[in-house]
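Peer 1: In our numbering, the protein residues as written are 52 to 166.
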């Protein structure tokens with residue numbers, strides 16, 4: 052289940068949530084419907100917005116402007132708040148680095164804006 056304390060807090064605050072997390076930690080395979088009963092789409096969206104607001108604030112505090120904010124937000128989202136700016140750290144598959152993830156996010160962002 053989630054390693055994130057904030058997600059676990061939301062789930063465990065609900066009736067049966069702690070038991071659900073215990074089962075998940077032991078490998079229980081849930082259904083999408085059951086998961087949504089403990090961690091709703093609204094809660095997921097709120098948490099995502101909070102995360103991205105922190106990431107944007109961090110990127111700006113690091114001196115990023117314009118397109119670089121978008122790239123850096125992607126890097127922080129991918130690698131965490133302590134990730135090196137334009138770092139070469141990659142995922143376990145070696146496909147993306149922090150830097151290439153940021154570039155990919157910016158490219159996708161611009162493509163979506165152009166639609």
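For each residue, glycine too, the CB sits at the ideal point set by N, CA and C.
Is the CB-CB distance between residue 99 and residue 62 below 7 angstroms?
Peer 2: Residue 99 sits at position 48 when you count from the first residue of the chain shown. Residue 62 sits at position 11 when you count from the first residue of the chain shown. Going by C-beta atoms, residue 99 is not nearer than 7 angstroms to residue 62.
Peer 1: Roughly how many angstroms separate the alpha carbons of residue 72 and residue 166, rounded to a whole number?
Peer 2: Position 21 of the chain shown, counting from 1, holds the residue named residue 72. Position 115 of the chain shown, counting from 1, holds the residue named residue 166. Rounded to the nearest angstrom, the two C-alpha atoms are 41 angstroms apart.
Peer 1: Can you list, in chain order, the stretches of the alpha helix (DSSP H) that have 4 or more residues and sit fully within the region 64-132?
Peer 2: 68-76, 83-89, 92-112 and 118-130
Peer 1: Does the separation of the CB atoms of residue 167 and residue 147 fall below 7 angstroms?
Peer 2: A question about residue 167 goes unanswered here, because the residues of the chain that appear run from 52 up to 166.
Peer 1: Can you tell me the Cα-Cα spacing of residue 87 and residue 113, whole angstroms?
Peer 2: For the purposes of this step, residue 87 is taken as residue 36 along the chain shown, with counting starting at 1. For the purposes of this step, residue 113 is taken as residue 62 along the chain shown, with counting starting at 1. C-alpha separation (whole angstroms): 36 angstroms.
Peer 1: For residue 148, write down the residues that DSSP places opposite it in a beta bridge.
Peer 2: The sequence position of residue 148 within the chain shown is 97, counting from 1. Beta-bridge pairing links residue 148 to 141.
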